[in-house]
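Note sheet for the following structure.
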Amino acid sequence: MSLFKARDWWASVLGEGEEFDQGCLCVGDVDNSGSGYDKIVVGSFMGMLRIFSPHPAKPEEQMEADAQLLEVQFPDPIIQVEMGKFMWCLLWVFSGTAGNVEHGDQYQLRLVYEHNLQRTACNMTYGPFGGVTGHHFICIQSMDGMLMFFEQETYAFGRFLPGFLLPGPLSYCIRTDSFITVSSTRQVECYRYETLAVATDADTRQDSDQQSKSSGKRLTADWTLVLGEEALDVCVPHTSSAMSSIFVLGERNLFCLKDNGQIRFMKKLEFNPSCFLPYGSVSEGSTNILMCNHNNMLLVYQDVTLKWVAQLSCVPVAVRVANFPELKGLVVTLSSDGHLQCSYMGTDPSFFTAPKVDAREVNYDEVDTEMKMLQKVIRGKTNAHCVLVRFSAFLNGHYPPADLCGDIAVSYSSATGIPRVSQCKFNLPLRLVCYPSSAIKNAKYKITVDTNKPPVNLNEVFPDFSEKSENNESSALGFQLITGSKVIVLASKTSQRYRIQSESFEDIWLVAKELVQRFDQHFASLGVKDFRNSFTGPIPLPEYFETVDHHFELRVNVQKYQDLLSERAVQFRAIQRRLLTRFKDKTPGPLQNLDTLMEGTYRQVIALADAAEDNRERLIQAFTRLQSATHLLILLLSLWQGLGSEQTAILEATLLPLLQDTPQLGWEESVDAAISHLLKTCLSRSPKDQAISLSTGPLTIPKDTSRLKKHITLLCDRLGKGGRLSLTSEANVPTTVMMPARPLTPTIFG
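Using the UniProt record's numbering, the first residue of the sequence shown is number 1, and each one after it goes up by one.
Right, here's the structure in full:
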């Protein structure tokens with residue numbers, strides 16, 4: 001809060017219920033009186049245009065008795081007002097009008113020319129485009145990204161900005177004859193007038209895109225600069241220096257750029273700005289900046305140095321500097337609700353004095369009644385309409401996810417204050433992680449899915465992936481994952497079989513799952529009730545075990561790196577102690593290369609730490625690929641033996657018990673314990689095996705994966721011989737296994 005207030009010189013409240021924005025205020029010698037004094041021109045979104053010649057009111061008369069020169073109602077909203085050597089121009093949403101003010105006993109606005117715009121306007125700028133002298137041209141930016149150029153009464157041409165999404169502030173730099181704007185990608189873009197004039201012309205954005213690919217010159221920016229935030233306004237003040245300065249007001253920063261796009265300086269703002277105005281300074285090479293914020297403060301900067309702070313009575317949306325007969329350099333501000341004020345900097349301090357509180361007795365009945373009423377209002381507000389919450393999720397790492405199924409949990413409190421949790425499961429589209437690709441005939445890994453119905457057109461089953469199929473071939477379809485690997489689906493023309501092949505075994509999972517699901521949906525939509533997918537084998541266990549071994553090798557490397565780091569750390573501390581003893585000795589002797597040994601040990605520690613971090617990232621990726629391979633194995637087993645949903649759920653809980661690896665508990669020992677339990681219960685060969693209980697020792701990382709691979713092979717063999725997964729018999733009562741972190745019951749995931 002500032003100690004000083006901006007001293008009011010003249011003020012007026014414009015209309016009632018009208019709205020204004022940063023382009024609705026303009027100052028200048030609008031009636032061409034030649035006196036050098038300014039008038040204030042204000043336009044509103046209600047289409048009202050007002051012109052003021054303010055002066056301080058005498059004590060016996062009203063503030064604005066004769067200050068208002070003109071008031072005209074236009075049929076459309078006015079979104080920007082500018083003055084230049086085109087007489088006088090104002091812009092509103094669908095048309096632009098130019099005119100001048102004639103001085104006399106009565107002021108009138110005379111229409112000189114008018115342009116009916118074919119596009120919804122957003123903002124405009126003006127200047128001597130192309131280096132013309134004696135008059136100004138007009139450039140209007142539309143809401144769809146088109147720059148429309150007008151030369152007096154004539155429409156010159158229009159150009160679409162490349163990569164346009166939303167309009168941003170627009171300004172013109174006279175020195176470089178270029179236009180400065182800020183795109184929706186949060187970067188400043190500069191376009192030269194010459195480049196705009198010779199670029200390809202088009203009536204629509206689609207025409208512009210097509211012409212830029214076939215013929216004509218494509219519109220490109222002269223330079224760009226990434227801001228990283230939205231821009232509120234762009235201004236290029238007219239100074240006498242050799243190089244122009246471009247000022248960009250962001251949401252949290254003020255940028256000053258050279259006319260070649262280089263940053264001259266940047267000021268981080270500790271408030272939320274509303275508008276600003278750069279203007280020439282008395283000091284050579286510097287610029288003064290007026291800046292207003294949403295705390296009703298007016299700040300004066302000289303480049304990045306704060307010179308003065310004053311308090312205003314409202315939040316301005318536009319600020320200008322004007323000269324009037326009685327006083328020069330007045331600050332003109334306009335708020336969004338029409339409070340127009342002319343003020344100057346003063347030194348009268350504004351002290352806040354807390355009002356006196358009248359002591360009165362408390363009526364507890366009235367307080368209780370008021371409290372009940374407020375609680376009723378609060379309960380009514382809490383039962384408001386639903387609010388749509390938007391959020392973003394990102395994929396960590398450059399590898400496909402193990403599954404496209406998601407689970408959202410939302411916690412909230414009911415009207416009575418009871419905490420509640422709502423959960424929802426959903427499936428993400430396959431197009432998020434892969435896109436269409438050309439089909440290849442040969443691959444390293446292949447699986448075949450059989451059906452009991454005639455082959456179907458793959459383009460009908462995958463309409464969103466058929467855009468790149470060669471010659472509209474329906475028997476082959478290509479998928480390229482975000483990692484670059486390709487998965488191909490081939491349909492047999494003579495049999496009811498479909499082959500899925502890829503250079504990576506794990507990458508087959510997502511496409512295979514999508515293929516089976518879409519087949520079920522396709523035939524269900526046709527009314528076919530006896531459709532069935534199947535897999536005739538053999539189960540690709542060798543390929544699956546390669547993924548298991550790779551994951552286990554990385555887990556072993558984790559322990560190796562930890563042991564090596566511990567050894568090097570002990571060595572490093574021992575060398576430090578030796579060096580410290582040498583340095584504390586009153587008769588120091590030679591270091592005997594201890595400093596060299598310490599530096600070498602330090603480098604080894606850093607190298608081992610980097611290698612351990614790299615191994616950790618590779619382990620995360622390997623576990624994701626192991627999950628994908630395990631999902632594929634479960635899918636093939638369920639298709640091979642026709643497992644139901646309950647048996648498939650038991651198999652998933654057995655082979656996928658963990659969401660992620662931890663140092664205390666890993667995938668290998670968890671899966672081995674779960675499979676061992678199944679082999680000794682529901683998949684046992686005799687009741688004698690069922691009576692054997694599991695070991696109650698803690699689960700630790702095994703020495704190798706031979707035992708795990710043997711149990712997985714035995715599990716597949718038992719299922720192939722007719723074994724069924726079940727948790728209903730007495731022999732299948734879960735047995736608790738002791739673990740370091742938390743207890744594991746191998747059959748609780750069904």
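No residue lacks a Cβ here, since even glycine has one placed at the ideal position from N, Cα and C. Keep in mind that this is a model prediction, so the values were computed, not measured.
In this structure, residue 461 sits near residue 519, with a CB-CB distance shorter than 8 Å. Distances from the alpha-carbon of residue 556 to those of 459, 597 and 705 put 705 closest. A straight line joining the alpha-carbon of residue 107 with that of residue 266 spans about 45 Å. The Cβ neighbour count for residue 506, taken over all protein chains shown within 10 Å, is at least 16; the residue is labelled buried.
If you draw a straight line from the Cα of residue 508 to the Cα of residue 456, it comes to about 20 Å. With distances taken between CA atoms, residue 338 lies nearest to 23 out of 674, 724 and 23. If you draw a straight line from the Cα of residue 629 to the Cα of residue 531, it is about 26 Å long. A contact is defined here as three or more CB-CB pairs under 8 Å, and the stretch 315-333 meets this definition with respect to the stretch 274-291.
Residue pairing by DSSP places residue 288 opposite 279 and 302 in a beta bridge. The stretch 666-676 makes contact with the stretch 700-717, as at least three CB pairs between them are under 8 Å. As far as DSSP is concerned, residue 24 takes part in no beta bridge. In the DSSP assignment, residue 108 falls within the beta strand (DSSP E) that extends over 108-116. Relative to residue 408, the option among 418, 393, 684 and 78 whose CA is nearest is 393.
Put simply, the stretch 415-434 does not touch the stretch 443-455. Fewer than three CB pairs are less than 8 Å apart. Residue 7 is bridged by DSSP to 344.
Inter-residue distance for residue 228 and residue 512 is about 41 Å (C-alpha atoms, whole angstroms).
Less than 8 Å separates the beta-carbon of residue 342 from that of residue 11. Using a Cβ distance threshold of 8 Å, residue 168 and residue 181 count as a contacting pair. Spanning the alpha carbons of residue 579 and residue 592 requires a straight line of approximately 10 Å. Taking all protein chains in view, the Cβ of residue 124 is crowded by 16 or more other Cβ atoms within 10 Å, so the residue is classified as buried. For residue 435, the enclosing beta strand (DSSP E) begins and ends at 434-437. Residue state for residue 557 is assigned as helix, using DSSP reduced to three classes. The beta carbon of residue 184 sits closer than 8 Å to those of 164, 165, 166 and 168, all from its chain and outside the five residues before and after it, given in chain order. One thing to note: residue 236 has its Cβ within 8 Å of the Cβ of residue 173.
DSSP lists 137 as the beta-bridge partner residues of residue 127. Here residue 221 is not bridged, per DSSP, to any residue. Beta-carbon to beta-carbon, residue 643 and residue 651 are separated by about 7 Å, close enough to satisfy the 8 Å threshold. With fewer than 16 other CB atoms across the displayed protein chains lying within 10 angstroms of its CB, residue 110 is exposed.
Leaving aside the five residues that flank residue 534 on each side, the residues in its chain whose CB is nearer than 6 Å to its CB run, in chain order, 450 and 639. Looking at the DSSP output, residue 51 bridges to 41 and 70. Assignment of alpha helix (DSSP H) within the UniProt domain "PTHB1 hairpin" (538-641), counting only whole runs of 4 or more residues, yields 541-584 and 594-641 in chain order. Look at the beta carbons and you see the stretch 559-578 touching the stretch 606-616: at least three pairs across the two are nearer than 8 Å.
Note on geometry: alpha-carbon atoms of residue 547 and residue 537 lie some 19 Å from one another.
Spatial neighbours of residue 84 in its own chain (CB-CB distance under 6 Å, excluding positions within 5 residues in sequence) are listed in chain order as 126 and 136. Counted as a single uninterrupted DSSP element, the beta strand (DSSP E) harbouring residue 266 occupies residues 263-268. By the C-beta density criterion, residue 139 is buried, having at least 16 other C-beta atoms within 10 angstroms.
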